[in-house]
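Visitor: Okay, handing you the structure first.
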Amino acid sequence: MKSTRTLIRRTVAVTVAGAAAFVLAACGGEGSTGHGGGHTSTSPSAEQSKQNAADVAFAQGMIPHHRQAVEMAQLAPERARSTELKQLAEQIQKAQDPEIKTLSGWLTSWGEEVPAEGASGHAGHGGTAGMMTGQEMTELENASGKAFDTAYMELMIKHHEGAVAMAKTEQAEGAYAPAKKMADAIVTSQSDEIERMNTMLGKD
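Residue numbers (the UniProt record's numbering): 1 to 204.
Listed below in structure tokens is the structure:
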């Protein structure tokens, strides 16, 4: 009788252990499923990779804006008197040339129109987001020495302020993460350059 009871107890113990193992396995399976479900959490980041109207406007507006800044910077080596200004102009060109290519690539991948070369460079868009008018560009091209330095910095400060405003709009309204990251960089770098040019002009 005693041995029968012992056998029953062992059988129950084995059954309980087996049930526990099954539950643990099931939990592990759920955890695995949950982890797999965790992969679906990539959908928010996938959503962030989708552009919206603000992203398109940012790219289409910043391309001609950058092109004009590069055009202005290219005048500095031969016309500027200040070595510091020449270095600043080179820095601006090196920063904005690659961004033009990146912005153009985004628009192409989105199936959106890339602004044509010179489309918004001068006439018709002067004053928009700090863009120079055709007359201002001509006057800058005809200047040299200290007069060029002063005109360049005053115009570029206004130009940068326009770019910062555009970038802040992208920060607030854009959805495409890389574009928002570029906007962050523009706000930081061009705000610093504005401060630097104001110092050079003695406006601090």
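Using N, Cα and C, we set each Cβ at its ideal position, and we do this for glycine too.
For the UniProt domain "DUF305" (55-201), list the beta strand (DSSP E) runs that are entirely contained and at least 3 residues long, ordered along the chain.
Guide: Segments of the beta strand (DSSP E) lying fully in the UniProt domain "DUF305" (55-201): there are none.
Visitor: Judging by CA-CA distance, which residue of Glu113, Glu139, Ala163 is the nearest neighbour of His66?
Guide: Looking at the Cα atoms, Ala163 is the closest of the given residues.
Visitor: For Gln60 and Asn142, what's the separation of their Cα atoms in angstroms?
Guide: So the two alpha carbons sit approximately 29 Å from each other.
Visitor: For Glu136, does the count of other Cβ atoms within 10 angstroms reach 16, so buried, or fall short, so exposed?
Guide: Glu136 is buried by the Cβ-count criterion.
Visitor: Does the distance from the C-beta atom of Ile63 to that of Pro115 stay below 7 Å?
Guide: For Ile63 and Pro115, yes; Cβs fall inside 7 Å.
Visitor: Would the segment 82-93 count as touching the segment 101-113 if we require 3 or more Cβ pairs under 8 Å?
Guide: Cβ pair count under 8 Å is below three, so no.
Visitor: Please determine if the segment 168-188 and the segment 196-203 are in contact, where contact requires at least 3 C-beta pairs separated by less than 8 Å.
Guide: Because the criterion of three Cβ pairs below 8 Å is not met, the segment 168-188 and the segment 196-203 do not touch.
Visitor: Mind checking whether Lys86 and Pro98 have CB atoms under 7 Å apart?
Guide: In this structure, Pro98 does not lie closer than 7 Å to Lys86 by Cβ.
Visitor: Please report how far the alpha carbon of Leu155 lies from the alpha carbon of Lys180, in whole angstroms.
Guide: For Leu155 and Lys180, the distance between alpha carbons rounds to 26 Å.
Visitor: Taking 7 Å as the cut-off, decide whether the C-beta atoms of His160 and Ile194 are in contact.
Guide: Yes.
Visitor: Just mark Ala165 as buried or exposed, buried being the case when its beta carbon has 16 or more other beta carbons within 10 Å.
Guide: Exposed, by the Cβ-count rule.
Visitor: For residue 273, which residues in the same chain have their Cβ closer than 6 Å to its Cβ, ignoring the five residues on either side in sequence?
Guide: Nothing can be reported for residue 273: it is not among the residues displayed for the chain, which extend from 1 to 204.
Visitor: Using a 10 Å radius around the Cβ and a threshold of 16 neighbouring Cβ atoms, would you call Asp55 buried or exposed?
Guide: Asp55 is buried by the Cβ-count criterion.
Visitor: Excluding five sequence neighbours on each side, which residues of the same chain lie with their C-beta closer than 8 Å to the C-beta of Lys50?
Guide: Hits under 8 Å: Ala175, Tyr176.
Visitor: Please return the same chain residues whose Cβ sits closer than 7 Å to the Cβ of Gly18, not counting the five positions on each side in sequence.
Guide: Bear in mind that the predicted position of Gly18 carries a pLDDT of just 46, short of 50, making it too unreliable to give a figure here.
Visitor: Quick check: the Cα distance between Asn52 and Trp106, rounded to an integer number of angstroms?
Guide: So the two alpha carbons sit approximately 12 Å from each other.
Visitor: Nearest-angstrom Cα distance between Ala172 and Gln96?
Guide: Distance between the alpha carbons of Ala172 and Gln96: 22 Å.
Visitor: Just mark Asp192 as buried or exposed, buried being the case when its beta carbon has 16 or more other beta carbons within 10 Å.
Guide: Flag for Asp192 reads exposed.
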